[in-house]
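Single-structure report; data block below.
Protein chains: 2
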Amino acid sequence: MRSDYARTLGETGVRQVLFGILSVISVNPGVSQGSVARALGIQRPNMVALVNELVGRGLVARHVDATDRRAFALNLTEMGAAAVGEALARIRVHEERILRDLTADERRLLIRLLDRIGANDD
Amino acid sequence: MRSDYARTLGETGVRQVLFGILSVISVNPGVSQGSVARALGIQRPNMVALVNELVGRGLVARHVDATDRRAFALNLTEMGAAAVGEALARIRVHEERILRDLTADERRLLIRLLDRIGANDD
DNA sequence: TATTGTTATACTCTATAACTATA
DNA sequence: TATAGTTATAGAGTATAACAATA
Chain S
4 MRSDYARTLG ETGVRQVLFG ILSVISVNPG VSQGSVARAL GIQRPNMVAL
54 VNELVGRGLV ARHVDATDRR AFALNLTEMG AAAVGEALAR IRVHEERILR
104 DLTADERRLL IRLLDRIGAN DD
Chain F
4 MRSDYARTLG ETGVRQVLFG ILSVISVNPG VSQGSVARAL GIQRPNMVAL
54 VNELVGRGLV ARHVDATDRR AFALNLTEMG AAAVGEALAR IRVHEERILR
104 DLTADERRLL IRLLDRIGAN DD
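Protein sequences, first through last, are from chains S and F. Just so you know, our numbering puts 100 at position 97 of the first sequence, and the rest follows in order with no gaps. Just so you know, our numbering puts 98 at position 95 of the second sequence, and the rest follows in order with no gaps.
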């Protein structure tokens, strides 16, 4: 399932890590690089190249934070927002393909059962 | 869930890959290195170090195959069989912990729903 | 003194090409 | 000629230590 997910995004050139970063920025505009790293469990040293890649591809804008001149505030560019939109659309297609044999009720039931497992994943 | 699984096995020193290899050998005694690699999606060059590690730790015995002198026939040693047994016991504990809130009926239902997804993971 | 981003670095995992010995 | 195991190697992904600038 994860490899299908990766293939789904792979065609866009936006890998899973990059999509994760874009998503966090999308929901938290102006978030700092370190906060994104913490949110996703990425080591800060490894964030540098990832953010560089996103900036280099014109998907993310990086500005010195006004209130803390050590930090970079990250925002999506127009292209970045469009990339997130396309990735989400592809993910929806992927999910629909994966779940095509389940009724709406069965999908809800499956999610409820998985939630009750997740609560014990400690 | 996968990280919990890895932690469960991690304490034994038998990583997930190694457990996979031991399992295949356990069910197919005398199987060749290449067959195990194909079964698990491991590149044959990468199998070499893995099998070396298992042989070095006394878990696997490697003999030239009688009918094809190019191939190695792999078998579990007594220690290897014991390691598989302990790993399986730990996996059962892990699964019981993960599934502790589900009744037997709910577990069967969950597995049936997941099976119907797996059929579409193409 | 602590934190942000960074560099340098190392270790694991994985992937490919090319060799050898057998078939 | 094809296949089994091997070597060398390269590329991701991920981890830690140490530094400069700022808090």
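All C-beta atoms in this analysis are idealised placements derived from N, C-alpha and C, irrespective of residue type, glycine included. None of these values were measured; they are calculated from a predicted model.
Item to check | Where Ala27/F sits in the DSSP three-state scheme | outcome: Taking the first residue of the second sequence as position 1, residue 27/F is located at position 24. Looking at the sequence itself, residue 27/F is Val, so the reference to Ala does not match. Assigned with DSSP and collapsed to three states, Val27/F falls in helix.
Next on the checklist: Just to confirm my understanding: we take Met82/F, look at its own chain, exclude 5 residues before and 5 after, and list those with CB closer than 7 angstroms. What are they?
Outcome noted: The count along the second sequence starts at 1 and reaches residue 82/F at position 79. Sequence-distant partners of Met82/F (beyond 5 residues in either direction) whose C-beta falls short of 7 angstroms from its own C-beta, in its chain, are Gly61 and Leu62.
Next on the checklist: What does the alpha-carbon distance come out to for the pair Glu109/F and Leu113/S?
Outcome noted: Residue mapping note: residue 109/F aligns to position 106 of the second sequence, counting from 1. Residue mapping note: residue 113/S aligns to position 110 of the first sequence, counting from 1. Distance between the alpha carbons of Glu109/F and Leu113/S: 10 angstroms.
Next on the checklist: What I want to know is whether the C-beta of Pro32/F ends up closer than 8 angstroms to one or more non-hydrogen atoms of the ligand MN.
Outcome noted: Judged by which ligands are present, the structure shown has none, so any question about the ligand MN falls away.
Checklist entry - With Ala86/F and Leu12/F assumed to form a contact (beta carbons below 8 angstroms), what rounded beta-carbon distance in angstroms separates them? => result Within the second sequence, the letter at position 83 stands for residue 86/F. Within the second sequence, the letter at position 9 stands for residue 12/F. About 10 angstroms separates the Cβ atoms of Ala86/F and Leu12/F, ruling out a contact at the 8 angstroms cut-off.
Checklist entry - Given a threshold of 16 other Cβ atoms within 10 Å of its Cβ, counted over all protein chains shown, does Leu91/S qualify as buried or as exposed? => result Counting from one through the first sequence, the residue named residue 91/S turns up at place 88. By the 10 Å Cβ count, Leu91/S comes out exposed.
Next on the checklist: Looking at Arg119/S: is its Cβ nearer than 9 angstroms to the Cβ of Leu105/F?
Outcome noted: The residue labelled residue 119/S in the question sits at position 116 within the first sequence. The residue labelled residue 105/F in the question sits at position 102 within the second sequence. Pairing Arg119/S with Leu105/F gives a Cβ-Cβ distance under 9 angstroms.
Checklist entry - Which residues mark the beginning and the end of the alpha helix (DSSP H) in which Gly17/F is found? => result To locate residue 17/F, count along the second sequence from 1; it is residue 14. First, the residue type needs correcting, since residue 17/F is Val and not Gly in the sequence shown. Unbroken run through Val17/F: none, as it is neither H nor E.
Next on the checklist: Contact criterion: CB-CB distance below 9 angstroms. Does Ile101/S meet it with respect to chain F?
Outcome noted: Position 98 of the first sequence, counting from 1, holds the residue named residue 101/S. Yes - at least one Cβ of chain F is within 9 angstroms of the one on Ile101/S.
Checklist entry - Going along chain F, which residues have a C-beta under 7 angstroms from Glu14/S? => result Within the first sequence, numbered from 1, the residue matching residue 14/S stands at position 11. Result: empty, since nearest Cβ-Cβ is about 16 angstroms, beyond 7 angstroms.
Item to check | Contact list for Leu105/F against chain S, beta-carbon separation under 8 angstroms | outcome: Taking the second sequence and counting its residues from 1, one reaches residue 105/F at position 102. Close to Leu105/F, with beta-carbon spacing below 8 angstroms, are these residues of chain S in chain order: Leu116, Arg119 and Ile120.
Checklist entry - Looking only at its own chain, which residues have a Cβ that is under 8 angstroms from the Cβ of Ala74/S, when we skip the five neighbours before and after it? => result Mapped onto the first sequence, residue 74/S falls at position 71. So the list reads Ser35, Gln36, Gly37, Val67 and Asp68, once near-sequence residues are dropped.
Item to check | Helix, strand or coil at Arg73/F according to DSSP, with G and I counted as helix | outcome: Position 70 of the second sequence, counting from 1, holds the residue named residue 73/F. Arg73/F falls in the coil class under three-state DSSP.
Checklist entry - How would you write the range of the alpha helix (DSSP H) that Arg60/F sits in, first residue to last? => result Along the second sequence, one-based indexing puts residue 60/F at 57. According to the DSSP assignment, Arg60/F belongs to no alpha helix (DSSP H), since it is labelled neither H nor E.
Item to check | Residue range of the unbroken alpha helix (DSSP H) whose run includes Gly37/S | outcome: Here residue 37/S refers to the residue found at position 34 when the first sequence is read from its first residue. Looking at the DSSP string, the run of the alpha helix (DSSP H) that includes Gly37/S is Gln36 to Leu43.
Checklist entry - In terms of DSSP beta bridges, what is Val96/F paired with? => result Position 93 of the second sequence, counting from 1, holds the residue named residue 96/F. Beta bridge pairing from DSSP links Val96/F with no other residue.
Next on the checklist: Taking CB distances under 9 angstroms as the criterion, tell me whether Leu43/S reaches chain F.
Outcome noted: Locating residue 43/S in the first sequence gives position 40, counting from the first residue. No, its Cβ sits nowhere closer than 9 angstroms to a Cβ of chain F.
Checklist entry - Is Ser29/F near Leu79/F, with beta carbons less than 9 angstroms apart? => result Translated into positions along the second sequence, residue 29/F becomes position 26. Translated into positions along the second sequence, residue 79/F becomes position 76. For the 9 angstroms CB-CB criterion, Ser29/F and Leu79/F form a contact.
Item to check | Chain-ordered chain S contacts of Glu109/F [CB-CB under 9 angstroms] | outcome: Here residue 109/F corresponds to residue number 106 of the second sequence, with the count starting at 1. Going along chain S in sequence order, the residues near Glu109/F (Cβ under 9 angstroms) are Leu116 and Arg119.
Checklist entry - Around the C-beta of Val51/S, are 16 or more other C-beta atoms found within 10 angstroms, so that it is buried, or is it exposed? => result Stepping through the first sequence from its first residue, residue 51/S is reached at position 48. When all chains shown are included, Val51/S counts as exposed.
Next on the checklist: Check for me: the alpha helix (DSSP H) holding Arg5/F runs from which residue to which?
Outcome noted: On the second sequence, residue 5/F is found 2 positions in, with the first residue counted as 1. Per DSSP, the unbroken alpha helix (DSSP H) holding Arg5/F starts and ends at Arg5 to Gly13.
Checklist entry - If contact means a Cβ-Cβ distance below 7 angstroms, which residues of the segment 47–74 of chain S contact chain F? => result If you check each beta-carbon in the segment 47–74 of chain S against every beta-carbon of chain F, none falls closer than 7 angstroms.
Checklist entry - Looking at the structure shown, is Leu102/F part of a helix, part of a strand, or coil, going by DSSP? => result Numbered from 1 along the second sequence, position 99 holds the residue referred to as residue 102/F. Three-state result, Leu102/F: coil.
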